[in-house]
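Colleague:
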Amino acid sequence: MIVLFALLPLQWFGLGSTPLGTGRLHQVALVGFAAVVLSCYRLRAHAPVLRTAALFVVMSLYWLLAWAAVDLYNGRLPRGSVQELIYLAVFVALSTCFFRGASAEEPRLATALRWVAPVACASVVIGFSVAMLVNGVNPAAVLGRTIASADPELFQKEVFKTSFAGFGLDEEMVKGNLRHEIFGSLLLSMMISTWAMRFGPSVTTRAQHVAYRMAMITGVVLLTLSLSRSVLIAALVWPALALSRSVRRGGLTSGQVAGLAGTIVAAAGLAFSGVGLVIWNRFTTDTTGYDARAENYFAAFEALPDHWLTGGFETGGVSSHNFVVDSMLRGGIFTALPALAMLVIVVALFVRLVISLPQQPEWLVPVAAALALPLVRMGTSGGGLIPPIEWVALAFAMGIVTHVRTQVAGRETAPVLTEARR
9 MIVLFALLPL QWFGLGSTPL GTGRLHQVAL VGFAAVVLSC YRLRAHAPVL RTAALFVVMS
69 LYWLLAWAAV DLYNGRLPRG SVQELIYLAV FVALSTCFFR GASAEEPRLA TALRWVAPVA
129 CASVVIGFSV AMLVNGVNPA AVLGRTIASA DPELFQKEVF KTSFAGFGLD EEMVKGNLRH
189 EIFGSLLLSM MISTWAMRFG PSVTTRAQHV AYRMAMITGV VLLTLSLSRS VLIAALVWPA
249 LALSRSVRRG GLTSGQVAGL AGTIVAAAGL AFSGVGLVIW NRFTTDTTGY DARAENYFAA
309 FEALPDHWLT GGFETGGVSS HNFVVDSMLR GGIFTALPAL AMLVIVVALF VRLVISLPQQ
369 PEWLVPVAAA LALPLVRMGT SGGGLIPPIE WVALAFAMGI VTHVRTQVAG RETAPVLTEA
429 RR
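Numbering-wise (the working numbering), the sequence shown opens with residue 9 and increments by one.
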């Protein structure tokens with residue numbers, strides 16, 4: 009698991025051509041890890057997760073089978089549906105791992121996951137350092153010019169797109185805003201480590217505390233510099249849920265008060281340095297992405313009358329960046345309905361977790377926050393698909409929710425068993 013999360017951010021490393029397209033390092037890591045898990049555990053080990061996620065898994069299979077059938081009807085090979093089917097298998101494998109770690113069936117796993125964020129942060133820093141060195145990128149100089157011009161697009165093009173070049177990906181992939189998924193994986197690793205630090209009876213060591221705190225500080229800095237609107241929005245849901253939970257429980261903790269004070273100081277520092285203005289412009293005056301998204305929506309809705317039944321629209325070129333709309337364009341109403349059902353299931357799970365947070369332990373906050381990542385990306389991801397990192401986030405939430413429900417079921421049956429023994 010630690011190695012997997014070290015490789016997940018390194019998404020600009022291509023490993024060659026495959027029947028499903030260019031294979032990348034993080035994809036190979038996910039598929040390889042899932043293959044090991046599925047071969048080591050028998051079917052009954054996956055039964056608890058499959059019971060909890062039954063409706064979501066069934067709707068996903070319906071979505072994929074309908075998509076494959078429509079592709080064949082339209083004379084296309086079902087490459088996209090096969091790839092997403094592989095990610096569904098990854099989802100099941102990872103959900104089982106998180107469940108077994110939380111349930112102490114893999115007793116060392118929850119403790120090991122405390123190191124996920126430090127390892128992922130180190131991976132991002134080292135990976136970007138190598139990429140920038142190879143491509144001759146000076147991030148400090150680019151950041152200085154970006155602050156001077158207050159133009160976030162300058163930093164995005166000269167640091168990210170330039171750094172990703174030359175590692176086995178074609179130019180179109182390099183332009184595909186890889187940073188969203190790179191920093192999405194970093195955000196998810198921070199949530200998983202936070203859960204692991206607060207969960208379980210084992211005592212956290214000084215080394216774990218130091219590494220965790222350094223990783224969280226580094227992660228916040230990296231997420232801020234990512235200028236990824238979707239990831240930053242998902243990241244802000246996390247502290248919002250924590251504050252909401254504390255207020256509904258009757259008051260803020262001393263740590264949260266200190267965190268708010270630190271946030272105010274950090275915001276003032278960003279504003280003074282000029283980085284704050286760059287981020288503000290990214291969300292307000294940098295409307296290129298908004299305009300392009302609006303044009304894509306108009307194009308998508310213009311195409312719907314011709315494709316609502318049998319699909320056939322190529323969303324790889326012109327995408328609404330919406331999971332449900334693009335599913336209808338690709339596969340018609342037969343794929344749009346299960347896609348809508350999948351979205352509703354995730355939203356319902358998120359809402360139920362948020363409502364129950366005041367009655368739940370603190371370690372459930374990052375689990376609920378993890379669902380914000382796939383929800384945001386389902387409305388912003390190019391091609392209208394569920395990207396790999398979002399499958400991992402869903403697996404994390406589903407695995408821990410399965411553990412919680414198993415505990416609740418065990419408490420409810422315990423009095424009945426005691427009475428029967430009497």
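Note that the Cβ used here is the ideal one computed from N, Cα and C, for glycine as well.
These numbers were taken from a predicted model, which means no experiment stands behind them.
Under a three-way DSSP split, which group does serine 210 fall into?
Modeller: Three-state result, serine 210: coil.
Colleague: Go through its chain and collect everything with a Cβ distance to leucine 162's Cβ below 8 angstroms, but skip five positions before and after it.
Modeller: Hits under 8 angstroms: Val150, Arg153, Thr154.
Colleague: Does the distance from the CB of alanine 97 to the CB of leucine 46 come in under 8 angstroms?
Modeller: Yes, Cβ-Cβ distance for alanine 97 and leucine 46 is below 8 angstroms.
Colleague: Compare the C-alpha of valine 10 against each of Ser89, Phe21, Phe41, Trp20 and name the closest.
Modeller: Correcting the residue identity first, residue 10 is isoleucine in this sequence and not valine. Taking only the C-alpha atoms, the option nearest isoleucine 10 is Phe41.
Colleague: State yes or no: is the C-beta of tyrosine 220 within less than 8 angstroms of the C-beta of alanine 128?
Modeller: Cβ distance not < 8 angstroms, so tyrosine 220 and alanine 128 don't count as in contact.
Colleague: Per DSSP, what are the beta-bridge partners of threonine 30 in this structure?
Modeller: Looking at the DSSP assignment, threonine 30 forms a beta bridge with Ser25.
Colleague: Between cysteine 48 and threonine 293, what straight-line distance do the alpha-carbon atoms span, to the nearest angstrom?
Modeller: Spanning the two alpha carbons is a distance of roughly 52 angstroms.
Colleague: Let me make sure I understand the geometry here. Which of Ile408, Ser193, Ala347 has the alpha-carbon closest to that of glutamine 19?
Modeller: Closest option to glutamine 19, Cα to Cα, is Ser193.
Colleague: In whole angstroms, give me the CA-to-CA distance for leucine 361 and valine 354.
Modeller: So the two alpha carbons sit approximately 11 angstroms from each other.
Colleague: Mind checking whether alanine 403 and phenylalanine 99 have CB atoms under 8 angstroms apart?
Modeller: Yes; because the gap between Cβ atoms is below 8 angstroms, this pair is in contact.
Colleague: Check whether the segment 282 to 293 and the segment 222 to 241 are in contact - that is, three or more C-beta pairs closer than 8 angstroms.
Modeller: The segment 282 to 293, when compared against the segment 222 to 241, does touch it at the 8 angstroms Cβ threshold.
Colleague: In this structure, how does DSSP classify arginine 410 when only helix, strand and coil are distinguished?
Modeller: Sequence check: residue 410 is threonine here, not arginine. Of the three classes helix, strand and coil, the one that applies to threonine 410 here is helix, per DSSP.
Colleague: Considering only residues of the same chain and omitting the five flanking positions on each side of serine 327, which have a CB-CB separation below 7 angstroms?
Modeller: Cβ within range, chain order: Asn304, Asp334, Gly390, Gly391, Gly392.
Colleague: For isoleucine 363 and proline 382, which I take to be in contact (beta-carbon distance under 8 angstroms), what is that distance rounded to the nearest angstrom?
Modeller: In fact, because the Cβ distance is near 19 angstroms, the residues do not count as touching under 8 angstroms.
Colleague: Between the alpha carbons of arginine 87 and leucine 337, how many angstroms are there, rounded?
Modeller: Each residue's alpha carbon lies about 16 angstroms from the other.
Colleague: Using 8 angstroms as the Cβ pair cut-off and three pairs as the minimum, do the segment 104 to 114 and the segment 52 to 72 touch?
Modeller: The segment 104 to 114, when compared against the segment 52 to 72, does touch it at the 8 angstroms Cβ threshold.
Colleague: When you compare only the Cα positions, how much space is there between proline 313 and threonine 104?
Modeller: Computed Cα separation, rounded: 41 angstroms.
Colleague: Excluding sequence positions up to five away, which residues of its chain have a Cβ less than 8 angstroms from the Cβ of valine 78?
Modeller: Once the five neighbours on either side are set aside, the close Cβ partners of valine 78 are Thr318, Gly319, Gly320, Arg338, Gly339, Gly340, Phe342, Thr343.
Colleague: Taking the CB atoms as reference points, tell me whether valine 375 and leucine 351 lie closer together than 8 angstroms.
Modeller: Cβ atoms of valine 375 and leucine 351: not closer than 8 angstroms.
Colleague: Of the residues Ala204, Val409, Val384, which one's Cα is nearest the Cα of glutamate 398?
Modeller: Cα-wise, what sits closest to glutamate 398 is Val384.
Colleague: The alpha helix (DSSP H) that contains isoleucine 394, what's its start and end?
Modeller: Premise fails: isoleucine 394 is in no alpha helix (DSSP H) and is neither H nor E.
Colleague: Quick check on this structure: which residue in Ser171, Val132, Leu121 has the alpha carbon closest to the alpha carbon of tyrosine 145?
Modeller: It should be noted that the sequence gives valine, not tyrosine, for residue 145. The residue with the shortest Cα to Cα distance from valine 145 is Ser171.
Colleague: Do you know how far the Cα of valine 132 is from the Cα of leucine 16?
Modeller: Whole-angstrom Cα-Cα distance: 9 angstroms.
Colleague: Just tell me which of Glu166, Val36, Leu345, Leu58 has its CA closest to the CA of tyrosine 70.
Modeller: If we check each option's Cα against that of tyrosine 70, Leu345 comes out closest.
Colleague: Go through its chain and collect everything with a Cβ distance to leucine 311's Cβ below 7 angstroms, but skip five positions before and after it.
Modeller: Going by the sequence as given, residue 311 is alanine instead of leucine. Taken in chain order, the residues that qualify are Phe321, Leu337.
Colleague: Whole angstroms is fine: what's the gap from leucine 12's alpha carbon to leucine 260's?
Modeller: Near 36 angstroms, if we compare the C-alpha coordinates of leucine 260 and leucine 12.
Colleague: Ordered along the chain, which non-local residues of its own chain (more than five positions away) have a Cβ less than 8 angstroms from that of leucine 379?
Modeller: So the qualifying residues of the chain are Val354, Leu357, Phe358, Leu361, Ala401, Leu402, Ala405.
Colleague: Can you tell me which of the three DSSP states tryptophan 8 falls into?
Modeller: In this structure the chain extends from 9 to 430, so residue 8 is not present and cannot be described.
Colleague: Distance, Cα to Cα, arginine 253 vs glutamine 367?
Modeller: Each residue's alpha carbon lies about 9 angstroms from the other.
Colleague: Can leucine 121 and alanine 37 be called in contact, C-beta distance under 8 angstroms?
Modeller: For leucine 121 and alanine 37, no; Cβs fall outside 8 angstroms.
Colleague: The alpha helix (DSSP H) spanning tryptophan 75 covers which residue range?
Modeller: Per DSSP, tryptophan 75 belongs to the alpha helix (DSSP H) from 62 to 81.
Colleague: Please state whether DSSP places methionine 224 in a helix, a strand or coil.
Modeller: The answer is helix: DSSP assigns methionine 224 an H, G or I state.
Colleague: Would you kindly report the start and end of the unbroken alpha helix (DSSP H) that includes arginine 253?
Modeller: Looking at the DSSP string, the run of the alpha helix (DSSP H) that includes arginine 253 is 237 to 257.
Colleague: Rounding to the nearest angstrom, what Cα-Cα distance links phenylalanine 136 and leucine 80 in this structure?
Modeller: Each residue's Cα considered, the two are about 41 angstroms apart.
Colleague: Using only the alpha-carbon positions, how far apart do glycine 263 and isoleucine 408 sit?
Modeller: When rounded, the distance between both Cα atoms is 25 angstroms.
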